[in-house]
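Everything on this sheet refers to the single structure shown next.
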Amino acid sequence: AEEDRLTQWAAEAARKAEEERLAREAEERLAQEATEAARKGEEERLAQEAAEAARKAQESSDSAAADSAPVDVLVRHGTQSGEVVVSVPRDANMLQVKDLLARRVGRKPHGPFFGRMQLALRTGNTFKTFKDDEFLGDKRELVVLGLGLGNAPPAKEAVPALPVASPRQMYM
1 AEEDRLTQWA AEAARKAEEE RLAREAEERL AQEATEAARK GEEERLAQEA
51 AEAARKAQES SDSAAADSAP VDVLVRHGTQ SGEVVVSVPR DANMLQVKDL
101 LARRVGRKPH GPFFGRMQLA LRTGNTFKTF KDDEFLGDKR ELVVLGLGLG
151 NAPPAKEAVP ALPVASPRQM YM
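Following UniProt numbering, the numbering of the sequence shown begins with 1 at its first residue and continues without gaps.
Below is the structure:
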């Protein structure tokens, strides 16, 4: 009887040990699956963040490229005849425009005349002058004071004239 009871107890202990082992394996499997799911979720989140960062970098790059794309600016003399077209970066400031304008008319940039030279807009019978650090923005026609444009090739060579309609063509 004692032997049967010990055998039964040993069998019961072995069964419980097997159940505990299986339970531990199941818990380990669940923990491993949870860790794997979390890792995949983290990878997906990181991939989304990387894609968003790449998109923003591309937009920034596109914007920077658009900002520095060259534009043509027609510069007329304020009191004399003459006009010149200069090609400047879209994000240029007035100092850069003055520099390129001086080169275009064959003058040394930052020469003695440079301090007197001013870029402006004509407003009626007066001029609105710009500081050197002001940006060109969307202005495509300027007036220059303090720099003769006589040596420059005429702007008409660079900018094609628009066709002019006769009065008869306008009403047809």
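All residues carry an ideal CB built from backbone N, CA and C; glycine is no exception.
In this text the structure is predicted, and so the values were computed from the model without any measurement.
Enclosing beta strand (DSSP E) for Ala-120 [first to last residue]
Where Ala-120 is concerned, the enclosing beta strand (DSSP E) stretches over 118-123.
Cα separation between Glu-20 and Ala-14?
The C-alpha of Ala-14 is placed about 10 Å away from the C-alpha of Glu-20.
Taking a contact to mean a Cβ-Cβ separation below 7 Å, would you say Leu-119 touches Val-144 in this structure?
Cβ distance < 7 Å, so Leu-119 and Val-144 count as in contact.
Could you round the C-beta distance between Asp-138 and Asn-93 to whole angstroms and report it? I think they count as a contact, below 8 Å.
Contact doesn't hold; Cβ gap of about 14 Å is too wide.
Is DSSP giving Gly-137 helix, strand or coil here?
When secondary structure is reduced to three states using DSSP, Gly-137 falls in the coil class, being assigned neither helix nor strand.
Beta bridge counterpart(s) of Arg-76 as assigned by DSSP
Answer is Glu-83, Val-143.
Inter-stretch contact (C-beta, 8 Å, three-pair minimum) for the segment 36-49 and the segment 101-120
These segments do not touch.
Assign Phe-113 to buried or exposed, taking buried as 16 or more other Cβ atoms, counted over all protein chains shown, within 10 Å of its Cβ.
By the Cβ neighbour-count rule, Phe-113 is exposed, with fewer than 16 other Cβ atoms within 10 Å of its own.
For Phe-114, which of helix, strand or coil comes out of DSSP?
For Phe-114, the secondary structure class from DSSP, reduced to helix, strand or coil, is helix.
CB Met-117 to CB Gly-146, shorter than 7 Å?
A contact, by the Cβ cut-off of 7 Å.
Secondary structure at Val-88, three-state DSSP: helix, strand or coil?
It is a strand residue.
For Val-86 versus Val-73, is the C-beta spacing smaller than 7 Å?
Against a cut-off of 7 Å, the Cβ pair of Val-73 and Val-86 comes out as a contact.
Within 10 angstroms of its Cβ, does Leu-136 collect 16 or more other Cβ (buried), or is it exposed?
Buried: at least 16 other Cβ atoms inside 10 Å.
Coarse secondary structure for Lys-98, derived from DSSP in three states:
Three-state result, Lys-98: helix.
If you reduce the DSSP assignment to three classes, tell me which class Lys-108 lands in.
Lys-108 falls in the coil class under three-state DSSP.
Which of the three DSSP states is assigned to Lys-56 in this structure?
Correct three-state label for Lys-56: helix.
Identify whether Lys-128 lies in helix, strand or coil by the three-state DSSP scheme.
Shown here, Lys-128 sits in a strand according to DSSP, grouped into three states.
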